[in-house]
Amino acid sequence: MNIDTSLLVRLLLALGAAFVISFASTPAVKAFAQKVGAIDVPNEARRVHDHPIPRLGGLAIFIGFLLSVILFADINTQIRGILIGSVVIAATGAIDDIISLRALTKLLMQIIAAVIAVLHGVVIEVVMNPNVFAEAEHISLGILSVPITILWIVAVTNAVNLIDGLDGLAVGVSTIASVTMLVVALVVSEPNVAIILACLAGACVGFMPYNLNPAKIFMGDTGALLLGYVLSTMSVVGMFKFYAVVSFFVPVLALAVPLIDTSFAFIRRILRGQSPFTPDRGHFHHRLLDMGMSQKQAVSILYTVSIILGVSAVVLATTGEFKILILVVGFCIAAACGLHIAEKNHNHHEAAQPHTEHDDGKN
């Protein structure tokens with residue numbers, strides 16, 4: 000992979016500018032969040048923090064991302080649509096962080112943002128042929144291209160939002176996904192996509208010092224929805240339009256942690272007879288905490304899994320070696336089974352322990 004020097008300079012400048020803008024604007028955003036009452040109060044069992052913390056931090060990520068894209072990227076029709084949709088998503092998230100919107104209202108706004116991107120040409124036109132023995136590696140979606148694209152964008156947008164449950168988790172996983180797709184974009188000769196992903200990664204890293212445990216500010220729905228939306232739409236522009244089979248696996252592997260967690264959450268809730276959008280304490284990060292891990296340990300584990308999947312995506316894209324895909328699938332299955340068994344053993348051990356009353360000094 001040969002990278003032109005001028006492109007490398009633009010990438011570094013885009014990433015650096017996004018980092019500086021996001022890092023510098025976060026304190027102001029925090030003060031604004033406190034002024035308008037955008038505060039996350041731990042009044043639910045699934046919350047893991049023990050004191051009110053300002054949210055709306057995603058506004059700093061949005062500012063850093065948007066300004067750096069305007070400065071360094073080529074704004075074609077597709078990118079214009081993505082940016083317009085990003086404004087809709089960020090505005091929706093900001094309103095929700097302040098006054099709490101209904102889930103159906105947020106879903107509707109996500110669909111509108113997805114439609115905006117689709118109307119500007121952000122469309123998945125082909126997918127991998129599920130029949131691996133067929134001569135054709137891909138199949139054309141035809142009239143299904145629009146609904147499938149909208150479904151992909153909304154699904155990833157919500158997936159990133161649902162893993163935003165621990166300090167630094169969503170922003171870190173999104174950074175890893177951004178860098179993964181950035182590298183692959185360079186491999187498939189999509190420099191503009193790489194620059195935009197550099198802007199997103201830089202904005203995430205700029206916000207991260209304020210969001211790592213113990214967090215001083217949360218990104219809120221403003222950031223989580225924005226990250227999911229940008230990652231989903233950029234994966235369509237930079238990955239899905241290529242006919243090579245490996246291109247279909249790259250965005251899925253890069254976003255595997257939030258996608259798998261969300262899939263499990265939806266199945267779990269539906270089997271319980273609940274709405275798939277009902278909040279619960281069954282996400283991967285909750286299970287790790289319930290096994291006795293600290294926030295930092297749980298986040299580190301999920302970062303590691305994301306990095307392994309990201310590296311696998313890059314190797315797959317650069318070599319086309321499908322053995323790595325088999326290993327990754329096996330790793331995911333083994334990890335999921337191991338987590339389930341470990342949690343069951345931990346819960347059984349806890350239940351077997353005699354309960355004793357003690358005074359911990361708290362009322």
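Heads up: the sequence shown begins at 0 in numbering that gives the first Met the number 0, then just goes up one per residue.
No residue lacks a Cβ here, since even glycine has one placed at the ideal position from N, Cα and C.
Proximity test, residue i beta-carbon vs the ligand MG heavy atom, cut-off 6 Å
i	result
residue 197	Annotation note on the ligand MG: not contained in the displayed structure, which lists no ligands.
Simplified DSSP state of residue i, which is helix, strand or coil
i	result
residue 53	strand
residue 139	strand
residue 182	helix
residue 38	strand
residue 121	coil
residue 187	coil
Member of the options whose CA lies at the smallest distance from the CA of residue i
i	options	result
residue 204	6, 4 and 13	13
residue 120	75, 32, 6 and 230	75
residue 189	155, 233 and 15	233
residue 222	214, 195, 96 and 182	96
residue 41	54, 310, 256 and 63	54
residue 164	150, 193, 248 and 216	216
residue 57	294, 173, 116 and 255	173
residue 123	148, 175, 16 and 191	148
residue 250	154, 99, 77 and 71	154
residue 265	23, 64 and 158	158
residue 68	31, 27, 20 and 35	20
residue 305	52, 314, 176 and 289	176
residue 26	207, 316 and 145	207
residue 253	263, 218, 310 and 219	310
residue 71	6, 32 and 114	6
residue 145	65, 171, 179 and 110	110
residue 116	199, 150 and 34	150
Contacting residues, own chain, Cβ-Cβ under 7 Å from residue i (five flanking each side not counted)
i	result
residue 168	162, 284, 298 and 301
residue 228	84, 85, 88, 112, 152 and 156
residue 394	Because the chain here runs from 0 to 362, residue 394 falls outside it and cannot be looked at.
Residue environment, residue i, which counts as buried when at least 16 other CB atoms sit within 10 Å
i	result
residue 272	exposed
residue 8	exposed
residue 104	exposed
residue 29	buried
residue 143	exposed
residue 99	exposed
residue 296	exposed
residue 257	buried
residue 260	buried
residue 3	exposed
residue 363	Missing from the structure shown is residue 363; the chain here goes from 0 to 362 and no further.
Rounded Cβ spacing between residue i and residue j (contact assumed at less than 8 Å)
i	j	result
residue 80	residue 107	With 8 Å as the limit, residue 80 and residue 107 do not qualify as a contact, their Cβ atoms being about 18 Å apart.
residue 183	residue 312	7 Å
residue 60	residue 225	6 Å
residue 275	residue 268	5 Å
residue 289	residue 213	At roughly 20 Å, the Cβ-Cβ gap does not stay under 8 Å, so residue 289 and residue 213 are not in contact.
Own chain partners of residue i with C-beta closer than 6 Å, once the 5 adjacent residues on each side are dropped
i	result
residue 237	184, 189 and 192
residue 201	14, 17 and 18
residue 255	308
residue 63	17, 20, 21, 202 and 205
C-beta neighbour in chain C for residue i, strict 7 Å
i	result
residue 296	The question asks about chain C, but that chain is absent: this structure has only one protein chain.
Other residues of its chain near residue i: CB distance less than 8 Å, five sequence neighbours each side excluded
i	result
residue 186	0, 313, 316 and 317
residue 52	38, 39, 214, 215, 216 and 217
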